[in-house]
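Working notes, beginning with the structure itself.
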Amino acid sequence: MSAHSHDHGVTAAGSHRWRLALVLCIGLVVLTVEVAGALWSGSLALLADAGHLLADIGGIALALFAVTMAQRPPTPRRTFGYQRFEILAAVVNALILFGVGGYIAFEAVRRLFSPPAGHDGTAAIALGLVASAGGAVSVWLLRGASKDSLNMRGAFLEAMADLLTSVAVVVSGVLIATTGFQRADSIAALAIGALIVPRTWSLLRQGVHVLMEATPEGLDLDEVRAHILGVPGVVDVHDLHAWTITSGAPMLSAHVVVDDHSVHAHGGDILDLLQACLAQDFHVVHTTFQIEPAAHEDHEVGGHG
């Protein structure tokens, strides 16, 4: 690959698609069992755990979808391929999950003050154990792969959250079975809902941040500007922009003003230094620089960023 080319190849998570697919299948089976059990037993904790599992299945599906779509090559119509699909799906998923979390919280509070006819906790224990077993297998499948990419790390954390919330359902079932404290079901539902909302808000915030083409989090453009100005021959930088196409794919463009001697004698070398600087110091490998002689800046149309 030459110094001026860009790699749109398979991500590190691409080799783990089978793990994501298997975890997704496990999650769908457990989700079906939990929803059926919740409707049959009337356990809100089971229904809440199913709602949380739905959130995590959405996260796993998004991870798998992103890995699959990212391998599609760009086209003249879609020059960045289909990478932005991950962000669009994440925003839609977050909006749906807010509805799920709100419903769970409403029902839990209502049942705290007006408990319905109770259940003996047996169904919550049995189905919670089934869900815990599925969660444990998913955690085991994703644990090693979680070190390869942030995408896989997120999937691993989703599976870990499923496991912990399923354990909470079992605990509420045991409390009901041994003490008859029916409100344990609603308390467990609220606890599970409390896990859903913060992660959903974070997902929505990050998705909107990318869709608004805001500067990638953790990237300081003032620091970037200082590094660019530190390259020999560079006298100014303007129209500096940074954005993200999809998770883990930051991009940057800038107009770089170079003194008249250097732009002709060392233009290629300066471009190499600029690209190396952004890749090594800021981990931005997709960059576009317009090298300009100092005299050109006076003839530019439009404002400078």
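Numbering follows this note's numbering, with no gaps: position 192 of the sequence shown is 1484.
Glycine included, each C-beta is placed from N, C-alpha and C at the ideal position.
These numbers were taken from a predicted model, which means no experiment stands behind them.
| query | Leaving out five residues before and five after Asp1552 in sequence, what residues of the same chain have Cβ atoms less than 8 Å from its Cβ? | reply | Contacts found: Pro1585, Ala1586, Ala1587.
| Local conformation of Pro1368 per DSSP, three classes | coil
| message | Thr1507 and His1344 - do their beta-carbons sit closer together than 7 Å? | response | no
| message | If you follow the alpha helix (DSSP H) that Pro1490 is in, where does it begin and where does it stop? | response | 1475-1503
| field | Start and end residues, alpha helix (DSSP H) containing Val1272 | value | Residue 1272 is absent from the model: the chain starts at 1293 and stops at 1597.
| field | Spatial neighbours of His1296 in its chain, beta-carbon cut-off 6 Å, leaving aside the 5 residues before and after | value | With a pLDDT of only 47 at His1296, under the threshold of 50, the placement of this residue in the model should not be trusted; the figure read from the coordinates follows. Excluding sequence neighbours, His1296 sits near nothing in its chain.
| field | Own chain residues within Cβ distance below 8 Å of Leu1346, not counting five before or after | value | Leu1323, Leu1389, Val1392
| query | So, Val1550 versus Gly1525, is the Cβ gap smaller than 7 Å? | reply | yes
| said: Need the endpoints of the beta strand (DSSP E) that Ser1545 sits in, please. | reply: 1542-1550
| query | Does DSSP put His1533 in a helix, in a strand, or in coil? | reply | strand
| message | Tell me which residues share the same chain as Ala1238 and place their Cβ nearer than 8 Å to its Cβ, disregarding the 5 neighbours each side in the sequence. | response | Residue 1238 cannot be examined here, being either before or after the span of the chain that is shown, 1293 to 1597.
| query | Does DSSP put Val1431 in a helix, a strand or coil? | reply | Assigned with DSSP and collapsed to three states, Val1431 falls in helix.
| Residues that DSSP places opposite Pro1585 in a beta bridge | Partner(s): Val1550.
| message | For the alpha helix (DSSP H) containing Val1315, name the first residue and the last one. | response | 1309-1333
| said: By the three-class DSSP mapping on this structure, what secondary structure does Val1523 have? | reply: coil
| task | Determine, using beta-carbon pairs with one atom in the region 1480-1487 and one in the region 1370-1386, whether at least three such pairs fall under 8 Å. | result | no
| said: Beta-carbon within less than 7 Å of Ile1379's beta-carbon, same chain only, minus the 5 sequence neighbours each way: which residues are those? | reply: Same-chain partners within the cutoff: Gly1499, Val1502, Leu1503, Thr1538.
| query | Does DSSP put Asp1561 in a helix, a strand or coil? | reply | helix
| First through last residue of the alpha helix (DSSP H) which encompasses Ala1400 | 1377-1405
| task | Label Leu1563 either buried or exposed according to how many other C-beta atoms from any shown protein chain fall within 10 Å of its C-beta, with 16 as the threshold for buried. | result | buried
| Which listed residue (Arg1311, Leu1316, Trp1332, Gly1394) has its alpha carbon closest to that of Val1272 | Residue numbering for the chain in the displayed model covers 1293 to 1597; residue 1272 lies beyond these limits and cannot be assessed.
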